[in-house]
Amino acid sequence: MTTRQDESSGFEQLQASADFQELRRRYRTWAFPVTVAFLAWYLLYVVLSGWARGFMGTKVVGDINVALVFGVLQFVSTFLIAWLYARHADRKLDPLADKLRDEIEGGAR
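Numbered by our numbering, the letters in the sequence shown go through residues -2 to 106 in order.
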């Protein structure tokens, strides 16, 4: 039976390990720039909708205007980001996370 102090020191050791720091670095270097880019893209849509109504109302094809195209692209970009993140996690994050989990679970046994 492990004590609470033993568990916390194990987690603290894991958190201080080079592999854990690398996992955090890999996550942050992907997630932060993509989050900033998506928020900028979303804010562009909102700002243009509010202050560039003439541009957003420009017909592209038939009754489809720029605002509708931008709105649909918001959904497309959301799904694209989700797919890219899953791909990034499978290749870069999950192998390292699995290694760390095996270490912590193996040490707890």
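Cβ atoms here follow ideal geometry from the backbone N, Cα and C, with glycine treated the same way.
Am I right that residue 93 and residue 19 are in contact with their C-beta atoms under 8 Å? What's the rounded C-beta distance?
Position 96 of the sequence shown, counted from the first residue, corresponds to residue 93. Position 22 of the sequence shown, counted from the first residue, corresponds to residue 19. Between residue 19 and residue 93 the Cβ distance is about 6 Å, and since that is below 8 Å, they are a contact.
Roughly how many angstroms separate the alpha carbons of residue 52 and residue 12, rounded to a whole number?
Locating residue 52 in the sequence shown gives position 55, where the first residue counts as 1. Locating residue 12 in the sequence shown gives position 15, where the first residue counts as 1. So the two alpha carbons sit approximately 50 Å from each other.
Quick test of the definition: if touching needs 3 or more C-beta pairs under 8 Å, does the stretch 41 to 49 touch the stretch 80 to 89?
no
Bridge partners of residue 58, per DSSP?
Translated into the one-based positions of the sequence shown, residue 58 becomes position 61. Looking at the DSSP assignment, residue 58 forms a beta bridge with 61.
Length of the line joining the Cα atoms of residue 75 and residue 50
The residue you call residue 75 lines up with position 78 of the sequence shown. The residue you call residue 50 lines up with position 53 of the sequence shown. Going by the C-alpha atoms only, they are around 24 Å apart.
With residue 37 as the anchor, note down where its alpha helix (DSSP H) starts and where it stops.
Counting from 1 along the sequence shown, the entry for residue 37 is found at position 40. Counting along the chain, the alpha helix (DSSP H) containing residue 37 begins and ends at 15 to 48.
Under 8 Å by Cβ, that's how I've got residue 78 and residue 35 pegged, so tell me the actual separation to the nearest angstrom.
Residue mapping note: residue 78 aligns to position 81 of the sequence shown, counting from 1. Residue mapping note: residue 35 aligns to position 38 of the sequence shown, counting from 1. Contact holds; Cβ gap of about 6 Å.
Rounding to the nearest angstrom, what Cα-Cα distance links residue 15 and residue 95 in this structure?
For the purposes of this step, residue 15 is taken as residue 18 along the sequence shown, with counting starting at 1. For the purposes of this step, residue 95 is taken as residue 98 along the sequence shown, with counting starting at 1. Rounded to the nearest angstrom, the two C-alpha atoms are 15 Å apart.
Roughly how many angstroms lie between the CA atoms of residue 71 and residue 37, to the nearest whole one?
Taking the first residue of the sequence shown as position 1, residue 71 is located at position 74. Taking the first residue of the sequence shown as position 1, residue 37 is located at position 40. Residue 71 and residue 37: Cα-Cα distance of roughly 11 Å.
Residue 33 vs residue 81 beta-carbon contact at 9 Å
As a working note, residue 33 is residue 36 in the sequence shown. As a working note, residue 81 is residue 84 in the sequence shown. In this structure, residue 81 does not lie closer than 9 Å to residue 33 by Cβ.
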